[in-house]
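First up is the structure itself, then whatever we jot down about it.
Numbering (the working numbering), first residue to last: 7 to 144.
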């Protein structure tokens with residue numbers, strides 16, 4: 007593993023740790039990190055079907071069904087039958103699940119604070135520009 011790979015791995019671990027801490031201190035403390043991730047995907051996809059969600063996650067429909075059942079049981083997601091095709095079910099984020107965006111923002115802010123406390127103002131500006139460059143290249 008190269009130095010860059012090691013640094014990326016450490017950064018990824020730090021982000022996961024901050025996200026886990028944020029989840030455990032929030033209204034989402036009953037979610038695993040994996041369930042939290044899947045809930046984020048459902049929010050981003052805006053009312054996907056089970057098939058669409060399975061495709062996005064690269065999982066089988068039965069696997070996604072088990073996952074969605076847990077999110078429904080916990081009160082984050084509701085199944086809604088399609089008005090066009092009653093065989094099709096869409097996943098709707100309910101009021102409880104809708105708070106996920108604010109939690110993500112809190113986790114990102116914590117990460118930014120950690121970076122700013124570790125780097126000088128100049129280094130933070132350079133780091134920010136490098137991240138923007140990487141995102142533009144993707």
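Note that beta-carbon positions come from the ideal geometry of N, C-alpha and C, so glycine has one too.
Margin query: So, with DSSP's three-state summary, where would you put residue 69?
Written below: helix
Next item on the list: Quick one: grab the DSSP three-state call for residue 87.
Entry: strand
Check: Going by the beta-carbon positions, is the gap between residue 76 and residue 41 smaller than 8 Å?
Finding: Cβ atoms of residue 76 and residue 41: closer than 8 Å.
Note to self: Please tell me whether residue 98 and residue 86 are closer than 8 Å, where the distance is taken between their beta carbons.
What the structure shows: Their beta carbons are under 8 Å apart, which means residue 98 touches residue 86 by this criterion.
Checklist line | Pairwise C-alpha distance: residue 17 and residue 11 | finding: Rounded to the nearest angstrom, the gap between the Cα atoms of residue 11 and residue 17 is 10 Å.
Checklist line | Beta-ladder partner(s) of residue 99, from DSSP | finding: 83
Check: Among 112, 110, 133 and 22, which residue has its Cα nearest to the Cα of residue 121?
Finding: The closest CA to that of residue 121, considering only 112, 110, 133 and 22, is found on 133.
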